[in-house]
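Engineer: Residue numbers (this note's numbering), protein chains in the order written: chain A, 2 to 310; chain B, 26 to 303; chain C, 8 to 361.
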Amino acid sequence: MVAQPSRSDQRELVRERIFTAAGVTAAVALVTTIVLFLLELFIASRASRAAFGLPFLWRSEWNPVTEKFGALPMIVGTLITGFGALLISTPFALGIAIFLADYADRKLAEPIKYLIGLLGGLPSVIFGLWGLFVLVPIVSKFEVWFGKLVGSEALVASGTTGVGLLAAILLLAIMILPFSASLILESLLVVPTELKEGALALGATKWDTIQNVELPYVQKSTVGALVLSLGRALGETMAVTMVIGNGMKMPTTLFDPANTLASAIANQFLEATSPVYVGSLIQLALILFVIAIIINIMARVILRRGVQQ
Amino acid sequence: MTPRKLKNSVMGFLVAASAALLIAVLVVIVWHIFISGVKYLNWNFFTKAPAPMGESGGGVFNAIVGTFLITLVAAAIGTPFGMFAGIYVAEHRGRRFADVVRLCADALQGVPSIVIGIFGYTFLVVRFRSYSALSASVALAFMFVPTTTRVTEEVLNLVPSGLKEAAYALGARQSSVVWNVSIKTAAAGITSGLLTSMARIAGETAPLLFTAFGSRYVEWNMLRPMSALPLQIFIYAGSPYPALQQQAWSAAFVLVLLILLLQYSAKHLIARVLRVKA
Amino acid sequence: MKNKRHVSILLTLLAIVAVLASGCSSKGGSTTVKELSGAGATFPYPLYSKMFDTYDAATGVRVNYNSIGSGGGIKALTDKTVDFGASDAFLTDQEEAAMGAPVLHIPTCIGAVVLSYNLDGNPTLKLDGTALAGIFSGKIVKWNDPVISALNPGVSLPDLAITVVHRSDGSGTTSIFTSYLAAVSPTWKSAVGAGKSVSWPTGIGGKGNDGVAGMISQTKGSIGYIELVYAVQSNMPFASLKNASGAYIVPSLASSAAAAAVSLPDDLRVVIVNSPGADAYPISAFTWILVYKEQNYTGRTLAQAQALGKLLTWMLTDGQSINEGLSYAKLPAAAVTKALALVSSMTYGGTAIP
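(1) Check whether chain B comes within 7 Å of serine 33/C, counting only Cβ atoms and requiring the distance to be less than that.
(2) If you draw a straight line from the alpha carbon of glutamate 102/C to that of glycine 132/A, how long is it in whole angstroms?
(3) Report yes or no: do the segment 45 to 57 of chain C and the segment 77 to 84 of chain B share at least 3 C-beta pairs separated by less than 8 Å?
(4) Compare the C-beta of alanine 220/C with all C-beta atoms of chain B and state if any pair is closer than 7 Å.
(5) Could you check how far apart the C-beta atoms of glycine 179/C and threonine 294/C are, in whole angstroms? I think they sit under 8 Å.
(6) Give the DSSP-derived three-state secondary structure of histidine 173/C in the structure shown.
(7) Just to confirm before moving on: does the CB-CB distance between tyrosine 65/B and glutamine 271/B stay below 7 Å?
(8) Could you tell me the alpha carbon to alpha carbon distance between lysine 73/B and glycine 239/B, rounded to whole angstroms?
(9) Can you tell me whether threonine 305/C is buried or exposed, with buried defined as 16 or more other CB within 10 angstroms of its CB?
(10) Measuring alpha carbon to alpha carbon, tell me which of Ile230/C, Asp286/C, Tyr237/C and Met243/C ends up nearest lysine 2/C.
(11) Is any heavy atom of the ligand PLP found at a distance shorter than 6 Å from the C-beta of valine 343/C?
(12) For a quick check, are the C-beta atoms of alanine 166/B and threonine 236/B less than 7 Å apart?
(13) Helix, strand or coil for arginine 69/C, going by three-state DSSP, please let me know.
(14) Give the interface partners of glutamine 288/B over in chain A, defined as CB-CB distance under 9 Å, in chain order.
(15) Under 8 Å: do the segment 61 to 70 of chain C and the segment 307 to 327 of chain C share three or more Cβ pairs, one atom per stretch?
(16) Whole angstroms are fine: how far does the CA of alanine 140/C sit from the CA of methionine 176/A?
(17) Give the interface partners of isoleucine 42/C over in chain B, defined as CB-CB distance under 7 Å, in chain order.
(18) Determine, for tyrosine 261/B, whether the minimum Cβ-Cβ distance to residues of chain C falls below 7 Å.
(19) Ignore the nearest five residues each way along the sequence and tell me which others in methionine 223/B's own chain have a CB closer than 7 Å to its CB.
(20) Just grab the DSSP bridge partners of alanine 93/C for me.
(21) How would you write the range of the alpha helix (DSSP H) that serine 351/C sits in, first residue to last?
(22) Assuming histidine 173/C and arginine 276/C make a contact with CB atoms under 8 Å, what is their CB distance in whole Å?
(23) Please classify tyrosine 278/A as buried or exposed, where buried requires at least 16 neighbouring CB atoms within 10 angstroms.
(24) Does arginine 127/B get closer than 7 Å to chain A when you measure Cβ to Cβ?
(25) Taking Cβ to Cβ, would you say serine 200/B is nearer than 7 Å to phenylalanine 20/A?
(26) In angstroms with no decimal places, state the Cα-to-Cα distance between serine 222/A and alanine 98/A.
(27) Any Cβ of chain A within less than 7 Å of the Cβ of isoleucine 230/C?
(28) Assuming tyrosine 232/C is part of the beta strand (DSSP E), what are its boundary residues?
(29) Closer than 8 Å by beta-carbon distance: list the chain A residues that pair up with valine 205/C, in chain order.
(30) Just to confirm the assignment, what range does the alpha helix (DSSP H) spanning isoleucine 141/B have?
(31) Mind checking whether serine 290/B and leucine 220/B have CB atoms under 7 Å apart?
(32) Please check if any C-beta of chain B sits within less than 7 Å of the C-beta of arginine 69/C.
(33) In or out: glycine 145/C buried (at least 16 other Cβ within 10 Å) or exposed?
(34) Is there at least one Cβ from chain B nearer than 7 Å to aspartate 391/C's Cβ?
(35) If we define contact as Cβ-Cβ less than 7 Å, is proline 53/C a contact residue for chain B?
(36) Does any CB atom of chain B fall closer than 7 Å to the CB of leucine 171/A?
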């Protein structure tokens, strides 16, 4: 005859059920959250979608007064700042990762890694603070000097305040640098030493080894790291908001004030009164959301292929 | 010197130079924050709320309390979700749904903080007709969960399968195995992950803009608008009064200290527990 | 392993404490309301922050006001996330429709919008409507332009480009300033018009009165429009303007009070720019607190309506003693009477509030 389950067995059974339920609930909640985000953003932007339809993506006028909105200036601003920051920071990220992986000894590497970690953990608003009070005046001096150099009054005029695309690109570059540097460093450290030693044994110089053995080995993961950094840059809000100047028109030069998708929302959401205005800002959020997800997926695909290598 | 040797030296120099430049920039930034921040620190700064506009004195006590409360509640809300999701994914490795969950966690982690803020506004603030610290905590919890899930999953995967198999062999159920064996073994890693995530959300501003809204008063009620250090820094940075700008730097300094404290606890905790185990 | 349990216990305890604290505070305050929230104009923010501080000390009721611009105040009131909104521009028909219910405009003070600038030596400049319209529409681009020099003989103006600073957010101050420009310049009126947000022909945008003040102080050769107090408290120079009677008036609390000596409608929605008075400063304006007439909406209690009424009454009476210390003019007696009448017309569930 089968024995009845004891009290403690019963309790255990209940615990087991609760435990499993908790796990499933949390998992489902995560998935639901993403779907919920998408739905909520989609629904909340309906006034704008109804008014402008798909052309919203390439309309270049953003005018709260006449209530004509279009995302193009913000998309352009986002892409320019994101790719610009990536372009500037990548050589330095590579440089410092290679330095830490192959050149620096333990005593030098540890404090540098700590410093990088420290900077990577700094909140965006603090970068914005530094950017506004330290970087922007420097950029302003440069822009005025450059404008005078090429004899362009317009450039000098738009350069006097210092806020604008250039300041945002530089600040973003500094911000994503620790991130991409540590990711690349991580992948460099995984390169098997036998490969490196083998190359050196064959008479290669240190740089030969780096160029022909290490870098090819980490190619895929480096690209993945860069894509992730780009994603970071594209979604960055506070620091960019504080130095990009909140321009509503399509920027014509790097000295012009502009807006990214994120900074436009941060700067304008609290005062958007009409449903079309609010809806347009939420549409910007939707576009940003979709871009972020796409970049994320791209990075994962690249990284997974890199690991399989 | 052969061309290869020359290239070797040149590249070596360039690499060192780029590292040096970067380090110089990093040091400058950190130093500037330190120097500017320390100037205004005084007892009032830590214990008083802001003075009326244009008057001197006043501090950021309201923001310190706000950061403290909002971050803790966000962590309290996010920890169970994050941990259990991480447990689920770790225990069901290889299953399709677990992959989907992992994908969603990654996707959520990549969502820009301003989008989270918008969601917090439309989903919570408008629905409940009130700006509140609680809606800010919920918004921050959305950012807290993915990192917690990932850390929990990774650390659980490090638990030697031998331990788990032994527990199963003794007749333990899955929940017992996970809770008493895996989690306990991975506890240090998970806790340190929690603290690191807390350090991250403590510095977030965008989700707070449309949810916590800010307040000049010291507020203990989670259902009311509340200030927080990142919010206060943002507001003061945009002010024309040098006194307030100075306060922004000092508030930034305090925030950095707080984050450093959390990160240090995260590392220190691992070290302590590992030493105990060894 | 003990640590994790300790930490999670700690976290949970703290969360419980936090929620309990909030539960206690909100339940304990069910009969007496201890907190009110408002949002909106940056124009009167220096005054409101001092007023609410004083009110807190006098009555123990805390008023949390967030200075996000008139547009933000209107949005917050429309979304019903605050007790009151604040705006220097009264509601447009569209905004009233969005509110869905009648809204009362309660004036609190009279302020002056001044033109502040950043030039070496901080000269005191004289400007008039034509010059300002020219500068802000981008037609006058240099400080030593003949139009400006003609108004300021004896002041050496540099050959420097003018950087116009305007508001980037939805602003009542913009509404006041552009109403003035529209009143003095027909070209401005047809080309740009007036409103909280306009399509500025030139210039850079700052957020809030404080943002604009900050930009002016950091940019040489810039000029922008801000409320008087912001200029005074930041030691920034500002121009005297030619008023409708032809005199050059320095903005001050006396000259802005003089602008309000006009006949006021009962609902107190009136623009007083370019006032005909001899001593009136031409860009003076009322600023209003906006509340719903019918206070019983989305779960508001009678106690909240009463607290709001008491605050407004105080702001119109005892609170007015704070205005002049901060260079805001007091409301003229006629305005106070009408405003108090408006406050008494607030209802809860259709009946007057005791």
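Every residue gets a Cβ at the ideal spot worked out from N, C-alpha and C, and that includes glycine.
Structural biologist: Quick look at the numbers:
(1) For this step, residue 33/C is matched to residue 26 along the third sequence. Because serine 33/C sits at a pLDDT of 44, beneath the cut-off of 50, its placement in the model cannot be relied upon, and the following sentence gives the value as read from the coordinates. Output row for serine 33/C: interface = yes.
(2) Residue numbering aside, residue 102/C sits at position 95 when the third sequence is read from its first letter. Residue numbering aside, residue 132/A sits at position 131 when the first sequence is read from its first letter. Going by the C-alpha atoms only, they are around 37 Å apart.
(3) yes
(4) One-based indexing of the third sequence puts residue 220/C at position 213. Closer than 7 Å to some Cβ of chain B, the Cβ of alanine 220/C qualifies, so yes.
(5) Reading the third sequence from its first residue, position 172 is the one you call residue 179/C. Reading the third sequence from its first residue, position 287 is the one you call residue 294/C. Contact flag correct, Cβ pair sits at about 7 Å.
(6) The residue you call residue 173/C lines up with position 166 of the third sequence. Strand.
(7) Sequence index remark: in the second sequence, residue 65/B carries index 40 (1-based). Sequence index remark: in the second sequence, residue 271/B carries index 246 (1-based). In contact: tyrosine 65/B and glutamine 271/B (Cβ atoms closer than 7 Å).
(8) Within the second sequence, numbered from 1, the residue matching residue 73/B stands at position 48. Within the second sequence, numbered from 1, the residue matching residue 239/B stands at position 214. Cα to Cα, the separation comes out at about 16 Å.
(9) Numbered from its first residue, the third sequence carries residue 305/C at position 298. Within a 10 Å sphere around the beta-carbon of threonine 305/C sit fewer than 16 other beta-carbons, which makes this residue exposed.
(10) The structure shown does not extend to residue 2/C, since chain C is modelled only from 8 to 361, so the question has no answer here.
(11) As presented, the structure is devoid of all ligands, the ligand PLP included, so that no description of it is given.
(12) Position 141 of the second sequence holds residue 166/B. Position 211 of the second sequence holds residue 236/B. No, the pair does not count as a contact, with Cβ atoms beyond the cut-off.
(13) Counting from one through the third sequence, the residue named residue 69/C turns up at place 62. Strand, per DSSP.
(14) By one-based count along the second sequence, residue 288/B stands at place 263. Residues of chain A passing the Cβ test: Gly118, Leu119 and Gly122.
(15) Yes, they touch.
(16) Taking the first residue of the first sequence as 1, we reach residue 176/A at position 175. Taking the first residue of the third sequence as 1, we reach residue 140/C at position 133. Distance between the alpha carbons of methionine 176/A and alanine 140/C: 42 Å.
(17) Numbered from its first residue, the third sequence carries residue 42/C at position 35. Contrary to the premise, residue 42/C reads as glutamate rather than isoleucine in this sequence. What glutamate 42/C touches in chain B: Arg249.
(18) Here residue 261/B corresponds to residue number 236 of the second sequence, with the count starting at 1. For tyrosine 261/B, the answer is no, since every Cβ of chain C falls outside 7 Å of its Cβ.
(19) Position 198 of the second sequence, counted from the start, is the residue given in the question as residue 223/B. Here the set comprises Thr96, Ala100 and Leu287.
(20) What you label residue 93/C is simply residue 86 of the third sequence in a count that begins at 1. Answer is Gly47/C and Ile296/C.
(21) The sequence position of residue 351/C within the third sequence is 344, counting from 1. Segment 340 to 351, the alpha helix (DSSP H) holding serine 351/C.
(22) On the third sequence, position 166 is the one that residue 173/C refers to. On the third sequence, position 269 is the one that residue 276/C refers to. Incorrect: roughly 24 Å between the Cβ atoms, too far for contact.
(23) Your numbering for residue 278/A matches position 277 in the first sequence. Using a 10 angstroms sphere on the CB of tyrosine 278/A, the tally of other CB atoms reaches 16 or more, which defines it as buried.
(24) For this step, residue 127/B is matched to residue 102 along the second sequence. So, not an interface residue.
(25) Position 175 of the second sequence holds residue 200/B. Position 19 of the first sequence holds residue 20/A. At the C-beta level, serine 200/B and phenylalanine 20/A come within 7 Å of one another.
(26) Working through the first sequence from its first residue, we reach residue 222/A at position 221. Working through the first sequence from its first residue, we reach residue 98/A at position 97. If you take the alpha carbons of serine 222/A and alanine 98/A, they lie about 13 Å apart.
(27) Against the third sequence, residue 230/C aligns to sequence position 223. Not closer than 7 Å to any Cβ of chain A, the Cβ of isoleucine 230/C fails to qualify, so no.
(28) The count along the third sequence starts at 1 and reaches residue 232/C at position 225. 229 to 234 is the span of the beta strand (DSSP E), which, as asked, contains tyrosine 232/C.
(29) If you number the third sequence from 1, residue 205/C lands on position 198. By Cβ distance, chain A contributes Val66.
(30) Here residue 141/B refers to the residue found at position 116 when the second sequence is read from its first residue. Residues 138 to 145.
(31) In the second sequence, the residue the question calls residue 290/B occupies position 265. In the second sequence, the residue the question calls residue 220/B occupies position 195. Yes.
(32) To locate residue 69/C, count along the third sequence from 1; it is residue 62. Cβ-Cβ to chain B under 7 Å: yes for arginine 69/C.
(33) Here residue 145/C corresponds to residue number 138 of the third sequence, with the count starting at 1. When all chains shown are included, glycine 145/C counts as exposed.
(34) Only positions 8 to 361 of chain C appear in the structure, and residue 391/C is not among them; the question remains open.
(35) As a working note, residue 53/C is residue 46 in the third sequence. Under the Cβ criterion of 7 Å, proline 53/C is counted among the residues facing chain B.
(36) As a first step, residue 171/A is located in the first sequence; it is residue number 170 there, counting from the start. For leucine 171/A, not one C-beta of chain B is nearer than 7 Å to its own C-beta.
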